[in-house]
Amino acid sequence: MARETIEQRLRRIHSEALSEFDKIQEALRDERLQCLQDRRFYSICGAQWEGPLRDQYANKPKFEVNKIMLAVMRIVNEYRNNRITVDFVSKDGTRDDKLADTCDKLYRADEQDSGAEEAYDNAFEEAVGGGFGAWRLKTTYVNEEDNEDERQRIAMEPIFDADSSVFFDLNAKRQDKADAKRCFVITAMSRDAYKDQYGDDPATWPKEIHQYEFDWATPDVVYVAEYYRVEDRTETIRIFETIAGDEERYTQSDFLEDEELENRLLAIGSREVRQKRVRKKAVNAYIMSGSRILEDLGRIPGRCIPVVPVYGKRWFIDNVERCMGHVRLAKDAQRLKNMQLSKLGEISAYSSIEKPIVMPEQVAGHQVMWAEDNLRNYPYLLLNPLTDANGQVQAAGPLAYTRSAAIPPSLAALMQVTEQDMADILGNQQQADKMVSNISGKAVEMIQTRMDMQTFIYMSNMSKAIRRCGEIWLSMAKDVYVEEGRKMKGLGLQGEMETIQLSKPVLSPTGAVEMENDLSKAEFDVAVDVGPSSSSRRAATVRALTGMMAITSDPETQQVLQAMAMMNMEGEGITEVRDFFRKKLVRLGVVKPTEAELEELMAELQGKGQDPNSIFLAAAAEEAQAKAARARADTIKVLADADLSQAKTIETLAKTEAETTGKDIDNIRAIRSMMSPEMATTQPMS
Numbered sequence: 039m040a041r042e043t044i045e046q047r048l049r050r051i052h053s054e055a056l057s058e059f060d061k062i063q064e065a066l067r068d069e070r071l072q073c074l075q076d077r078r079f080y081s082i083c084g085a086q087w088e089g090p091l092r093d094q095y096a097n098k099p100k101f102e103v104n105k106i107m108l109a110v111m112r113i114v115n116e117y118r119n120n121r122i123t124v125d126f127v128s129k130d131g132t133r134d135d136k137l138a139d140t141c142d143k144l145y146r147a148d149e150q151d152s153g154a155e156e157a158y159d160n161a162f163e164e165a166v167g168g169g170f171g172a173w174r175l176k177t178t179y180v181n182e183e184d185n186e187d188e189r190q191r192i193a194m195e196p197i198f199d200a201d202s203s204v205f206f207d208l209n210a211k212r213q214d215k216a217d218a219k220r221c222f223v224i225t226a227m228s229r230d231a232y233k234d235q236y237g238d239d240p241a242t243w244p245k246e247i248h249q250y251e252f253d254w255a256t257p258d259v260v261y262v263a264e265y266y267r268v269e270d271r272t273e274t275i276r277i278f279e280t281i282a283g284d285e286e287r288y289t290q291s292d293f294l295e296d297e298e299l300e301n302r303l304l305a306i307g308s309r310e311v312r313q314k315r316v317r318k319k320a321v322n323a324y325i326m327s328g329s330r331i332l333e334d335l336g337r338i339p340g341r342c343i344p345v346v347p348v349y350g351k352r353w354f355i356d357n358v359e360r361c362m363g364h365v366r367l368a369k370d371a372q373r374l375k376n377m378q379l380s381k382l383g384e385i386s387a388y389s390s391i392e393k394p395i396v397m398p399e400q401v402a403g404h405q406v407m408w409a410e411d412n413l414r415n416y417p418y419l420l421l422n423p424l425t426d427a428n429g430q431v432q433a434a435g436p437l438a439y440t441r442s443a444a445i446p447p448s449l450a451a452l453m454q455v456t457e458q459d460m461a462d463i464l465g466n467q468q469q470a471d472k473m474v475s476n477i478s479g480k481a482v483e484m485i486q487t488r489m490d491m492q493t494f495i496y497m498s499n500m501s502k503a504i505r506r507c508g509e510i511w512l513s514m515a516k517d518v519y520v521e522e523g524r525k526m527k528g529l530g531l532q533g534e535m536e537t538i539q540l541s542k543p544v545l546s547p548t549g550a551v552e553m554e555n556d557l558s559k560a561e562f563d564v565a566v567d568v569g570p571s572s573s574s575r576r577a578a579t580v581r582a583l584t585g586m587m588a589i590t591s592d593p594e595t596q597q598v599l600q601a602m603a604m605m606n607m608e609g610e611g612i613t614e615v616r617d618f619f620r621k622k623l624v625r626l627g628v629v630k631p632t633e634a635e636l637e638e639l640m641a642e643l644q645g646k647g648q649d650p651n652s653i654f655l656a657a658a659a660e661e662a663q664a665k666a667a668r669a670r671a672d673t674i675k676v677l678a679d680a681d682l683s684q685a686k687t688i689e690t691l692a693k694t695e696a697e698t699t700g701k702d703i704d705n706i707r708a709i710r711s712m713m714s715p716e717m718a719t720t721q722p723m724s
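Read in order, the letters of the sequence shown are residues 39 to 724 in the working numbering.
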């Protein structure tokens, strides 16, 4: 069978991608279209009248009192006020893992450098408004203008209109899509930009999810797709044992690249002891148009699809993934309210002023005055009297007046019901607005907690997305941040900046050379830290701390509680005060110091002068230690001398016994020599 060429492989991948995308879009089109309509409903002027309702109110007032926008913004502002952060933790539960702290600092620095807040905020608002949002991670060069500088950093970028542009394969069931094998990200380009970049006539990617009502002008764009494809492959690891007994591991690709490798290993005495089959994951990326693959980006860093989805509310029904945000259930109530206000406005506009009813001959000659009265506000108006056939005046004033239409009772009742329905669905945020100054703190907390319960699901789903983002970042960092000695920026929890050197050689406590900050060995679990759900929670913490201060008599405990209360205070210009009390808590040993704070504390202790009493006490302690050491040495010497004397005594006794035994043997031999041979043979030597 002939081997597949690169061109044939790309054509096959493009055909498979088109077929799979059609199936995904067909299954999710209706759901994603509802998400798009929900976002338009609360964010675009006039979109609340889209659909059949617009035709029914043609040529009539169409007012909008957008209360859904206020509810969505409240949830979004709640998130922006309480950011969610990533925390890398050791898999075996080891505390104070320096490599984990290094990953935390590098991750925060990447967030700051790439403007990750924009990506997070856009995805969260799309999830709250429509039900689905997303952002991506990608690598960028630190200096794109330097051809020799190949250093890269990881960036978080927003994906706009994620509900109509991000699609995972239908077999992916997890909410964070960690089990996805395919992913499509649709991007819009102008036709001119497409021609300039790729050179051919644009053939757009088939994107069917769109809604253009109430948009006076839409751009003429071409859609291209970023296609991420996870490829699982099984690789054989061959393990050889050297003459020294050490084990060396080689992959099958090592032997393919070096055909003489196996012969050299056998020649130096190595022998193969076993083989192991391991599964390897790799992600390949492509950019496609409707007709061909525009770019083959090859293997990207990491082992995960670098797209992070976030949902508002999500579930599976009939094996179809469904989602929605905070808008969908309130759309009918909002439409009904708009209809009622429009009808009320129409009634008020058409019959707000009583108008006179006159005969044509009464205003003959005065038509201009009556027509311009609403503009010029004449002090009086003229009318011609009505006369009969004989010229007698019959009437001098208007015959009658128009009357204002009465508001139907059903309309007034329905407006009250609609208002209550919207409050029930969106959350009665007016309760927080109505809080007066003398309300108790407990009541404030209860009201805030009741409001927070409606936003908790969105914060929880966002925390899952942030956690997945940390996993993807770590997977990419193990491939990107591998340069020995590279210096990178890191950020601490309080925003303090420091320099981190990768793969820095250091001496271990055993004297061996180890690599510090070696991210290729980073294997961590990812946890998330969600901030307080509202600013009132911090206020409650301050009240609790001040209450504890009143019942605590220990001065040191009161000092700690006071510092913690100041740490939780909020207000303008209080950042410096928080820093002061943090340093105070660090010195007291209450708060764990960062490396920079630890170095600053050590330098402060080394440079701090001591008073005479401290010097005297230190000298006295040192003298006492010296005397104790000298006494201990004398004791050891006495014991050693005693042991030596005992050994010499044993040696003398042994020598004496040996000499005595030798003399006895000599005497016996002399006696036997003087005896006759017959007697000598019969007498044994004792």
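We treat Cβ as the ideally placed atom computed from N, Cα and C, and that holds for glycine.
Inset, instruction - Give the range of the alpha helix (DSSP H) segment to which F101 is assigned. - result: Boundaries cannot be given for F101, as no alpha helix (DSSP H) includes it and DSSP labels it neither H nor E.
Inset, instruction - Measuring alpha carbon to alpha carbon, tell me which of V455, S308, A263 ends up nearest G37. - result: Because residue 37 is not part of the residues shown, which for the chain are 39 to 724, the question remains open.
Legend entry - Three-state class that DSSP yields for W353 in the structure shown: Strand, per DSSP.
Inset, instruction - Under 8 Å Cβ to Cβ from K100, same chain only, skipping five residues before and after it: list those, please. - result: Beyond the five residues adjoining it in sequence on each side, K100 comes within less than 8 Å, by CB distance, of G84, W87, R92, N376, S380 in the same chain, given in chain order.
Inset, instruction - May I ask you to verify whether the stretch 557-564 touches the stretch 169-179, counting CB pairs closer than 8 Å and requiring at least 3? - result: With a cut-off of 8 Å, the stretch 169-179 and the stretch 557-564 do not count as touching, because too few Cβ pairs lie within range.
Legend entry - Paired residues, beta bridge with K542 - DSSP: For K542, the beta-bridge partners assigned by DSSP are E554.
Legend entry - Minimum length 4: unbroken alpha helix (DSSP H) runs contained in the stretch 116-175: Within the stretch 116-175, the complete alpha helix (DSSP H) segments at least 4 residues long are 136-152, 154-167, listed from N- to C-terminus.
Inset, instruction - From the DSSP output, in three-state form, read off N415 for me. - result: Here DSSP, grouped into helix, strand and coil, assigns N415 to coil.
Legend entry - DSSP three-state assignment for R212, whether helix, strand or coil: DSSP places R212 in the coil class of the three-state scheme, outside both helix and strand.
Inset, instruction - Kindly identify the DSSP beta-bridge partner or partners of M326. - result: Answer is A263, I331.
Legend entry - DSSP three-state assignment for D68, whether helix, strand or coil: Correct three-state label for D68: helix.
Legend entry - the stretch 202-216 contacting the stretch 227-244, beta-carbon criterion three pairs below 8 Å: Counting Cβ pairs under 8 Å, fewer than three are found: no touch.
Inset, instruction - State buried or exposed for Q72, treating a residue as buried only when at least 16 other CB atoms are found within 10 Å of its CB. - result: So Q72 counts as buried.
Legend entry - R373 versus G328: straight-line alpha-carbon distance, rounded: Each residue's alpha carbon lies about 39 Å from the other.
Legend entry - With 16 other Cβ atoms within 10 Å as the buried cut-off, status of K314: Exposed, by the Cβ-count rule.
Inset, instruction - Just grab the DSSP bridge partners of L529 for me. - result: BP columns for L529 point to M535.
Inset, instruction - Can you grab the Cα-Cα spacing for the pair M473 / N115, in whole Å? - result: Low confidence applies here, because M473 scores a pLDDT of 45, under 50, leaving its location unreliable; read the following figure in that light. Whole-angstrom Cα-Cα distance: 19 Å.
Legend entry - Straight-line Cα distance separating K502 from T123: Roughly 11 Å separates the two Cα atoms.
Legend entry - Option nearest E392 by Cα separation, candidates V346, D426, T440: Looking at the Cα atoms, T440 is the closest of the given residues.
Legend entry - Neighbourhood of V544 by C-beta distance below 7 Å, restricted to the same chain and skipping five residues each side: Within the same chain, V544 has close Cβ partners E552, E554.
Inset, instruction - Measure the beta-carbon distance from A263 to I224 and round it to whole angstroms, keeping in mind my assumption that it falls under 8 Å. - result: Right, the Cβ-Cβ distance comes to about 5 Å (below 8 Å), so this counts as a contact.
Legend entry - One or two residues paired with Q190 in a DSSP bridge: Looking at the DSSP assignment, Q190 forms a beta bridge with Y179.
Legend entry - Assigned exposure category for W726 - 16 Cβ within 10 Å defines buried: Nothing about residue 726 can be read from this structure; the chain reaches only from 39 to 724.
Legend entry - Span of the alpha helix (DSSP H) around R506: From DSSP, the alpha helix (DSSP H) with R506 extends over 494-518.
Inset, instruction - Under 7 Å Cβ to Cβ from H52, same chain only, skipping five residues before and after it: list those, please. - result: Within the same chain, H52 has close Cβ partners M326, R330, I331.
Inset, instruction - Whole angstroms is fine: what's the gap from A470's alpha carbon to R271's? - result: Here A470 scores only 49 on pLDDT, less than 50, and its place in the model should not be relied on; the value that follows carries that caveat. Approximately 57 Å between the Cα atoms of the pair.
Legend entry - Coarse secondary structure for C221, derived from DSSP in three states: Assigned with DSSP and collapsed to three states, C221 falls in strand.
Inset, instruction - Pull up the distance between the alpha-carbon of W353 and that of I504, whole angstroms please. - result: Taking the straight line joining both Cα atoms gives about 19 Å.
Inset, instruction - In the DSSP assignment, find the unbroken beta strand (DSSP E) run with R360 in it and report its ends. - result: Under the DSSP assignment, R360 falls in the beta strand (DSSP E) whose first and last residues are 358-362.
Legend entry - Own chain partners of M407 with C-beta closer than 7 Å, once the 5 adjacent residues on each side are dropped: Excluding five sequence positions before and after M407, the CB atoms of its chain that fall closer than 7 Å to its own CB belong to Y416, L419, L420, given in chain order.
Inset, instruction - Identify whether M728 lies in helix, strand or coil by the three-state DSSP scheme. - result: Within the shown structure, residues of the chain are numbered from 39 to 724, placing residue 728 beyond reach of any answer.
Legend entry - According to DSSP, residues forming a beta bridge with P347: Beta bridge pairing from DSSP links P347 with A172.
Inset, instruction - Please classify E614: is it buried, with 16 or more other beta-carbons within 10 angstroms of its beta-carbon, or exposed? - result: The residue is exposed, with fewer than 16 neighbouring Cβ atoms inside 10 Å.
Legend entry - Sufficient close CB pairs (3 or more, under 8 Å) joining the stretch 58-75 to the stretch 194-201: They touch, by the three-pair rule.
Legend entry - Whole-number beta carbon distance between K176 and A193, since they are thought to touch under 8 Å: Taking 8 Å as the upper bound for CB-CB distance, A193 and K176 are in contact here, some 6 Å apart.
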